[in-house]
Amino acid sequence: MGENRRIWSIMVVLFLLVKSINGEDPYRFYTWNVTYGDIYPLGVKQQGILINGQFPGPQIESVTNENLIINVFNSLDEPFLFSWNGVQQRRNSWQDGVYGTNCPIPPGQNFTYVLQVKDQIGSFFYFPSLAFHKAAGGFGGIKIASRSVIPVPFPPPAGDYTILAGDWFKQNHTDLRAILDSGNDLPFPDGLLINGRGSNGYTFTVDQGKTYRFRISNVGLTTSINFRIEGHKMMLVEVEGTHALQNTYSSLDVHLGQSYSVLVTADQPAQDYYIVVSTRFTSQVLSATSILHYSNSAGSVSGPPPGGPTTQIDWSLDQARSIRQNLTASGPRPNPQGSYHYGLINTTRTVRLANSAPIINGKQRYAVNSVSFIPADTPLKLADYFKISGVFSLGSISENPTGGGGYLQTSVMAADFRAYVEVVFENAEDTLQSWHIDGHIFFVVGMDGGQWTPASRLNYNLRDTISRCTVQVYPQSWTAVYMPLDNVGMWNIRSENWARQYLGQQFYLRVYSPANSWRDEYPIPKNALVCGRAQGRKTRPL
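Numbering (mature numbering (1 follows the signal peptide of the UniProt record, and there is no 0)), first residue to last: -23 to -1, 1 to 519.
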């Protein structure tokens, strides 16, 4: 590994020289070593995944349009991949970091991700995407700031804090994986974590009278959470890269995979206050706390932490509908976000996606439109690039619910570049669902209980709905989104409930452009790993 690091240092110097001469967007370089290490997040020794010895991993801080060069050394005993939840990677699904697009990094080897946060701002996170590694850690925050020439619709905060919260299990990820592989579902989580620690394990210090930004992400495996700060209001300002209408909330539901930014003013008497996360839509309520510490505090926290919302679906649904786009704010480019009139564009296609939980071959599986995804022996993106037949078939998943029993398939849906589609997520189950689409943002035009019908469009918000990349679907309900297919590539559509994702509730959307132009999609990277049936193929002509 020492020789690899020496070569990496030389590459960094060459990159800096070339890019400074060409005057391109700035570059940021990261070197990460992924290892196992002992962690005690709930007071029990576990084998965690560390990045440079840290759990959670180091935060990525960047400015829109910057290039991120992240060299990852895999010091685990099994293959590994990082994915970037919400970072769109324009024209570049080669860097998506899921098995459908990338070969895993073999043990003892490294791979360099080359990402550009093009025309993007906001709060996101990264995580391990293979082999249920997410249950062992390996996640961290991503913060993308606006360029100085682009106004932000609120004054600069006195501080900027990241909160990575979610459910946690005391069992190692290998034991949890074995439970799923045996055809069983996971047990109920053992607790919640805030930035890798249990209750009162983390303190955020503030000065009285000043305002702070908190970036909140649900990095858990199976459970929605509610976030609140004792005695303080929260002004919502950003949702996964979109400036939001600045509504004020006492607490905020954050579903699996979702990220929000809120502003909190330290306007209460000088003492310490609880920061609380608790589970939502569970019969047993778990909670964890951190401390909001006033620098001139006159006393520590006392009494029980504040309780969360006691009502279920209706309260959360009303809150979700209140989260809308700030039409007067600029986006990552110097033009108003609201200048894109999504509601005036005719959709070219409707895709309806229904989740289900079938038993297949005597084992618990999860499915989309009756198809439970199974990984191919070769990443789909490589098979598509090298024209390797037999790895997948376009149209291997229906674009409407079938109503039939579940079956196993490597499912890929075909789509045309620059199409504008309506996607309806339909949930007939009694559990809340959370869906993510890689490489794209979408407009959440509607959500409601019952069965979706074409008449449901009469109640769509076609003016100022929020745009994002992860959305919830309530039990016995539906959620509809409008999505511009403006990013060529092979993109993962998945459940953010990681047990469901692992057991098949995902598929890939192949967004295709016949132009085969670098203007639409970057070429395969020279350092791309090749595996499966692509083994031995050259990634780019000499």
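By construction, the Cβ of each residue, glycine as well, lies at the ideal position given by its N, Cα and C atoms.
Residue i - DSSP class collapsed to helix/strand/coil
i: Trp145; result: strand
i: Asn87; result: strand
i: Thr516; result: coil
i: Gly320; result: helix
i: Phe204; result: strand
i: Phe131; result: coil
i: Tyr479; result: helix
i: Ala505; result: coil
i: Thr151; result: helix
i: Phe6; result: strand
i: Asn436; result: helix
i: Asp463; result: coil
i: Phe394; result: coil
Close beta carbons around residue i, own chain, < 8 Å, minus the five adjacent residues each side
i: Tyr76; result: Leu58, Ser106, Leu107, Pro352 and Pro356
i: Gly339; result: Gly160
i: Trp9; result: Ile28, Asn29, Gly34, Pro35, Ile47, Asn48, Val49 and Phe50
i: Gly427; result: Gln453, Ser454 and Trp455
Contacts around residue i, its chain only, beta-carbon distance under 6 Å, and the 5 residues preceding and following it disregarded
i: Asp441; result: Arg301, Gln302 and Leu304
i: Ile16; result: Gln23, Gly25 and Phe32
i: Met211; result: Tyr226, Val239 and Val241
i: Glu38; result: Lys120
i: Ser277; result: Asp249
i: Trp292; result: Pro286
i: Gly208; result: Gln245 and Tyr250
i: Ser373; result: Gln386, Ser388 and Val389
i: Tyr90; result: Ile47 and Gln72
Buried versus exposed, by CB contacts within 10 Å (16 or more), residue i
i: Leu321; result: exposed
i: Val126; result: exposed
i: Phe332; result: The question names Phe, yet the displayed sequence has Asn at residue 332. It counts as buried.
i: Val400; result: buried
i: Ser228; result: buried
i: Leu486; result: buried
i: residue 520; result: Residue 520 lies beyond the residue range present for the chain, which begins at -23 and ends at 519; the question has no answer from this structure.
i: His318; result: exposed
i: Lys503; result: exposed
i: Ser494; result: exposed
i: Ala344; result: buried
i: Thr325; result: exposed
i: Leu435; result: exposed
i: Ala505; result: buried
i: Gln289; result: exposed
i: residue 524; result: Summary: the structure shown does not reach residue 524, with the chain confined to residues -23 through 519, and so no result is reported for it.
C-beta atoms of residue i and residue j nearer than 8 Å
i: Ala243; j: Tyr271; result: yes
i: Ser375; j: Trp412; result: no
i: Asn79; j: Val49; result: no
i: Phe104; j: Gly63; result: no
i: Asn42; j: Asp2; result: yes
i: Leu294; j: Ile206; result: no
i: Ala221; j: Ile82; result: no
i: residue 522; j: Asn464; result: Any answer about residue 522 is impossible in this case: the structure gives the chain only from -23 up to 519.
i: Val450; j: Gln483; result: no
i: Leu263; j: Ser194; result: no
i: Tyr384; j: Ser433; result: no
i: Leu198; j: Asp144; result: yes
i: Ile156; j: Ala265; result: no
i: Phe420; j: Tyr362; result: no
i: Val94; j: Leu45; result: yes
i: Arg514; j: Val216; result: no
i: Gln261; j: Phe181; result: no
i: Leu233; j: Ser201; result: yes
i: Val368; j: Leu462; result: no
Nearest candidate by alpha-carbon position, reference residue i, set the options
i: Met424; options: Trp455, Gly466, Thr408 and Ala405; result: Trp455
i: Ala275; options: Ala247, Phe258 and Ser60; result: Ala247
i: Thr259; options: Thr430, Asn464, Met460 and Asp407; result: Asp407
i: Gly380; options: Val389, Ser366, Ala334 and Phe363; result: Ala334
i: Ile365; options: Arg510, Gln483 and Val450; result: Arg510
i: Thr430; options: Leu233, Pro378 and Cys446; result: Pro378
i: Ala492; options: Asp184, Phe394 and Val422; result: Phe394
i: Gly30; options: Leu53, Ile501 and Gln66; result: Leu53
i: Gly308; options: Leu385, Asp96, Asp158 and Thr200; result: Asp96
i: Leu92; options: Tyr499, Gln512 and Tyr437; result: Tyr499
i: Phe191; options: Gly197, Leu198 and Val183; result: Val183
i: Leu371; options: Met467, Pro452, Gly513 and Ala122; result: Met467
i: Asp497; options: Ser70, Pro18, Asp137 and Tyr13; result: Ser70
i: Tyr138; options: Val129, Tyr7, Val328 and Ile252; result: Ile252
i: Glu55; options: Thr327, Asp354, Thr151 and Pro282; result: Thr151
Proximal residues to residue i (C-beta, below 7 Å), its chain only, five neighbours per side dropped
i: Lys187; result: Ala135 and Ala243
i: residue 552; result: The first residue shown for the chain is -23 and the last is 519, placing residue 552 beyond what the model contains.
Below-8 Å beta-carbon distance, residue i vs any chain D residue
i: Pro134; result: Among the chains in the structure shown there is no chain D, since it carries only a single protein chain.
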